[in-house]
Every structure is written in C-alpha cells, then in structure tokens.
Amino acid sequence: MRLVRVAFAAILLSLAAAAPEVQAARGDVTVEEQYDLGLRYLKRGYYVKALEQFNKIRNYHRDDPYAVKAELAIADVYFEQAEWDQARVAYEEFMRLHPRHEDIDYVVYRLGLTSLKKSTKVAARDQTWTRHAVTTWAGYESRFASSEHLEEVQELLVEAKDRLAHKEFLIGEFYFRRKAYNAVISRMEGMLRTYPDCSDVPMALAMLAVSYKRVGDETTAGMAAARLTADHPDSRAVRWLRLREPTLLAAPAAEAAAP
Numbered sequence: 007m008r009l010v011r012v013a014f015a016a017i018l019l020s021l022a023a024a025a026p027e028v029q030a031a032r033g034d035v036t037v038e039e040q041y042d043l044g045l046r047y048l049k050r051g052y053y054v055k056a057l058e059q060f061n062k063i064r065n066y067h068r069d070d071p072y073a074v075k076a077e078l079a080i081a082d083v084y085f086e087q088a089e090w091d092q093a094r095v096a097y098e099e100f101m102r103l104h105p106r107h108e109d110i111d112y113v114v115y116r117l118g119l120t121s122l123k124k125s126t127k128v129a130a131r132d133q134t135w136t137r138h139a140v141t142t143w144a145g146y147e148s149r150f151a152s153s154e155h156l157e158e159v160q161e162l163l164v165e166a167k168d169r170l171a172h173k174e175f176l177i178g179e180f181y182f183r184r185k186a187y188n189a190v191i192s193r194m195e196g197m198l199r200t201y202p203d204c205s206d207v208p209m210a211l212a213m214l215a216v217s218y219k220r221v222g223d224e225t226t227a228g229m230a231a232a233r234l235t236a237d238h239p240d241s242r243a244v245r246w247l248r249l250r251e252p253t254l255l256a257a258p259a260a261e262a263a264a265p
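Here the sequence shown is numbered in our numbering, starting from 7 and rising by one per residue.
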C-alpha cells in the first residue's frame, strides 16, 4: 500500500509540473504565465522551447509589457547557449529599442560579457573583442553606480585592460630585442598613457630607460629610471635595468651626494 501511495504522489507531482505546459498548449494562460513558462524552460536548459515561448510573446503580444521582457529573455537564451554573436545582436537591438529600460545596466553588462567571451586570453593574439568589451563598459561606473553588476564589471575591466596592455608590451619587447629603440619608445609610451595601472608598467619603464639612453636621450632615460625606482623599487624590472644600464640607477644617488 505504501508503494502505491508513493507512486500516486509522484504522478501528482509530475502532473502539477506539466500543468503550465498543458495550459500553454491550450492557449488559456496569461502572458505573464507564458513568460514564466519560458523562464522555466530557460532554467532547465530547454533553450529551443524557451526561444519559442519568448518569440510567441514578442510576436503576438507586442503591446504587453511582457513583450519587452521577452525580448531581453531571448538575448539571455542565446547567451546561455554560448551563441555569442546572436546574443550580442539581441542585446544591442534591445538597447536600441529601449535605451531607458530599468534593466539597461544588466544589458550593458551582458553585452560586454559577450565580447569578452569571444576574446582570447592569449595576449599575443588578436584582441579585437577584448577591446570591444572595454569600449562597451567605458563609463559603466558613472552611468550605473548602484548596479549589482558594477563590481564584476570593474574586475573584468582590470583584467581586459591588462591583457590589452600586455599585447602592446609584447610588441615593444619584440622591437627591443631587435634594437629598434625608437619603436620601443613609441610603443611603451603609448601603453603607459593608455594603461597607466597595468601590471607591465615596471618593465615598460625599464625598457624605456634603456631605449632612451641608447638613442642618446640621457635626460628622459634618467626620468624613466627614477620613476621606476620611486614607484616600483622592489620590482624585477629594477634588477633587469641594473644589469643592462647600471649608470641609470647610480646617477640619482651620485647627484644627491654631490656638494
């Protein structure tokens, strides 16, 4: 008897779970219930069904507030499917149609993520999509200061900018190995202006100091070395510079000791 009761209870639960789908098939559910059903499909990973549900709402209930929610949900379905291009287009379209929507901070957050998902983490490779993410999130802090996604965006921005900076650094390093010092100066100065807080700053300053010295600009070489030792005294870059141009590190001390 107990097994019968358990089996009966299981049947009731399955029927209850299927009820929204049955109602939707009959067409006797509200738009809100249709939307909730789409969300359930999305949560369960039934992406095709979720898309069908949200597209029905968008196409047949255009004047209902849930049609707008469905538009955003469609973008979310593509995102969960890892269809980054389709998700990006859907989020961009939502932004174009609803620029003042209450969830626009979420849309911009997700739009940047789609670009970051498409990007490569290997700095030496093409970083077009990393740059696209940085551009998308530019000004996020001032626009959406109270957004729940702000902290994550800030963390991802640091990571993305550091990757872009490292690509510039690698190009400068390439020129340095080939003793193309003017090219090194151009690349490293640009990197420092654009990404002043990146992790490659110490080595960029060290290479700048050496490069300036080797093109005959002793003054600027000394300034780069002084900045390096002042801001990053314990960095590997200081030891690297000492091995290559020890006079650049000794000069400030000698000047300070002079009468």
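All residues carry an ideal CB built from backbone N, CA and C; glycine is no exception. This structure is a prediction, so every number in the text was calculated from the model and none was measured.
Simplified DSSP state of residue i, which is helix, strand or coil
i	result
L249	helix
G222	coil
K124	helix
T36	coil
A31	Any reading at A31 is ruled out, since the residue's pLDDT is 49, under 50, leaving its predicted position unreliable.
E86	helix
E108	coil
E102	For the record, residue 102 in the displayed sequence is Arg; it is not Glu. Correct three-state label for R102: helix.
A130	coil
D240	coil
Nearest-angstrom Cβ-Cβ length linking residue i and residue j, presumed shorter than 8 Å
i	j	result
A1	P208	Shown here, the chain extends from 7 to 265; a query on residue 1 therefore has no answer.
A137	L170	Correcting the residue type first, residue 137 is Arg in the shown sequence and not Ala. R137 to L170, Cβ: 6 Å. Contact.
H172	D206	6 Å
W135	G118	Incorrect: roughly 10 Å between the Cβ atoms, too far for contact.
E86	L48	7 Å
V159	Y115	6 Å
R94	S125	No, R94 and S125 are not in contact; Cβ-Cβ is about 12 Å, not under 8 Å.
Sequence-distant residues of its chain with Cβ nearer than 6 Å to residue i (five each side left out)
i	result
F182	V190, M213
F60	G44, A76, A79, I80
K123	W90
A166	T136, A139, V140
Y97	A81, V113, R116, L117
C204	D168, A171
T226	Y218
D163	Sequence check: residue 163 is Leu here, not Asp. Closer than 6 Å at Cβ, skipping near neighbours: W143.
S241	P208
S3	Limits of the chain in this structure are 7 at one end and 265 at the other, which puts residue 3 out of reach.
Own chain residues within Cβ distance below 7 Å of residue i, not counting five before or after
i	result
A30	Per-residue confidence for A30 stands at a pLDDT of 48, beneath the threshold of 50, marking its modelled position as unreliable; the derived number appears in the next sentence. So the list reads Q40, L43, once near-sequence residues are dropped.
T235	V244, L255
Y187	S217, R220, V221
V37	I63, H67, D70, Y72
E251	A215, V216, K219
A129	R169, H172, K173, L176
G196	E174
A230	L211, L214, A215, Y218
The ligand HEM heavy atom lying under 7 Å from the CB of residue i
i	result
K55	Ligands are entirely absent from the displayed structure, and the ligand HEM is therefore not among its contents.
Contacting residues, own chain, Cβ-Cβ under 8 Å from residue i (five flanking each side not counted)
i	result
L249	none
W246	M209, A212
Q133	S125, T126, R169, L170, K173
Q92	Y84
G178	A189, V190, R193, M194, M197, A210, M213
Y53	Y47, V83, E86, Q87
F100	E77, L78, A81, H107, V113
Please list the segments of the alpha helix (DSSP H) lying wholly inside the segment 46-84, counting only runs of 4 or more residues, in order along the chain. 53-66, all fully within the segment 46-84.
At what residue ranges does the segment 133-211 contain a whole run of the alpha helix (DSSP H), taking only runs of 4 or more? Listed in chain order, the complete alpha helix (DSSP H) runs (minimum 4 residues) inside the segment 133-211 are 134-142, 146-149, 156-183, 187-200.
Taking 8 Å as the cut-off, does the segment 71-90 touch the segment 99-106 (at least 3 CB pairs, one atom from each stretch)? Yes: the two stretches touch, three or more of their Cβ pairs being nearer than 8 Å.
Hey, is the segment 201-216 in contact with the segment 180-193, meaning 3+ C-beta pairs nearer than 8 Å? The segment 201-216 is in contact with the segment 180-193.
Would you say the segment 142-157 touches the segment 105-122, given that touching needs at least three Cβ pairs under 8 Å? As far as the Cβ criterion goes, the segment 142-157 touches the segment 105-122, which means the pair count is three or higher.
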